[in-house]
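Okay, structure first, notes after.
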Amino acid sequence: MIEARIHPLLLDHKSWRFEPQTAIANAIMFERTTGFTCEECVRKCLHFQDPNSEWVCRSLTFDHHWKICDLFAVNGTNPPHFLTEYLDRDYLEYLQVNPSSDVHLTQYSTVSGAGNKEPIYLTASQNTEITETKYGSDSFSDYQLVHQKLANKSGEKLCRNEDVTRYAMISNYERLNSATDVHFVKSESLEECARACDQDEMFTCTSVIHRTKECELSVSRATHKSSDDFIFKENSTYLEKFCFSASLAEATEKLWPTILDHILVGHVMEVVDADSLIECMTACLQAEQRFSFMCRSAMWYPNDKDQNCLLNTENRETHPNVFVAEDQG
1 MIEARIHPLL LDHKSWRFEP QTAIANAIMF ERTTGFTCEE CVRKCLHFQD PNSEWVCRSL
61 TFDHHWKICD LFAVNGTNPP HFLTEYLDRD YLEYLQVNPS SDVHLTQYST VSGAGNKEPI
121 YLTASQNTEI TETKYGSDSF SDYQLVHQKL ANKSGEKLCR NEDVTRYAMI SNYERLNSAT
181 DVHFVKSESL EECARACDQD EMFTCTSVIH RTKECELSVS RATHKSSDDF IFKENSTYLE
241 KFCFSASLAE ATEKLWPTIL DHILVGHVME VVDADSLIEC MTACLQAEQR FSFMCRSAMW
301 YPNDKDQNCL LNTENRETHP NVFVAEDQG
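At position 57 of the sequence shown (counting the first as 1) the number is 57 in full-length UniProt numbering, and the numbers step up by one without a gap.
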């Protein structure tokens, strides 16, 4: 039974309203955590009850199938929000919240404090933000990410002729395990390093390390399993190459600023599954067509198997005050 499943008898019914098989609609959560039990989700909501804090938890939903805990700063019974039937998800409303609490009503925080799950934050860099992305007349299926061959066969091309290359740019970091399959060229700028990687015919270049006046081109790349893949190195920059359909990414800049272990709090509009960094980047580029909003940045949690790519409507330039280290979010 639903009641037995979430142990409702353990709840103080004077403090909680419980609606089984129910979700909150027309509202955006401010905190999402995976791998929790329902009881842990309740305790997490109780943790967010300081009226002087940025967020106060008024309600929560718990997905029993995916073990997802979502916290909300609104009640699902107050318009424009409403409750809707949802299999495997339960709605709980905390009745003891201080009504004078000054809370955000429509913003969404990201996953925090959920074990060793370092996020990667990246910005959808464009001269005129994401609004200038041109989709053309290609069908949606044409926008799928390009299959990438990582073999170091001489002259093998990573991208198709009709593709454009883009680079995730991680400043002041190098790969922890230096590659041995490298080629060095002289270069004054990051843009020149990227062009050298695009044009190199000696092997299939997939990543670059820029150091002062030198580029280290490599056929291999970081695994992105944790931030331990990288080591801090001032004045060095790691670039990772990706291929996109020109119709999808032609309006974006060549280099996408990417920051390890940082999040943008309160501006996530959609959460999707992404098995790789390029899938999360692709989801951001497709957001206007798929979800009807402009994605300006994204956060990817490589150690989560699903719901691990968070798409933001803003970025660290538009809202620098809520761009923080992941352990502070």
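Each residue gets a CB set at the ideal place from its N, CA and C atoms; glycine is no exception.
Here Ser171 has Thr237 as same chain residues with Cβ atoms under 6 Å from its own Cβ, once five neighbours each way along the sequence are excluded.
Within the model, the alpha-carbon separation for Gly76 versus Ala196 is close to 54 Å. Sequence-distant Cβ neighbours of Phe184 in its own chain, meaning closer than 8 Å and more than five residues away, are Glu214, Cys215, Glu216 and Leu217.
With a cut-off of 8 Å on Cβ pairs, the stretch 230-245 is not in contact with the stretch 24-37, counting fewer than three such pairs.
Assignment of beta-bridge partners to Asp163 by DSSP yields Ser245. For His262, the three-state secondary structure derived from DSSP is strand. For Asn52, the number of other beta carbons within 10 angstroms of its own is below 16, and it is reported as exposed.
Its Cα nearest to that of Val272, the residue Met299 stands out among Glu234, Met299 and Arg211. In the three-state scheme derived from DSSP, where H, G and I count as helix and E and B as strand, Asp275 is classed as coil.
Shown here, Phe36 sits in coil according to DSSP, grouped into three states, outside any helix or strand. Within the DSSP bridge table, the entry for Pro257 names Met169 as partners. Partner residues in the beta bridge of Tyr238, as assigned by DSSP, are Ile170 and Ile209. Cβ atoms of Ser220 and Asp181 come within 8 Å of each other, at about 6 Å. Per DSSP, the continuous beta strand (DSSP E) segment holding Glu93 begins and ends at Arg89 to Tyr94.
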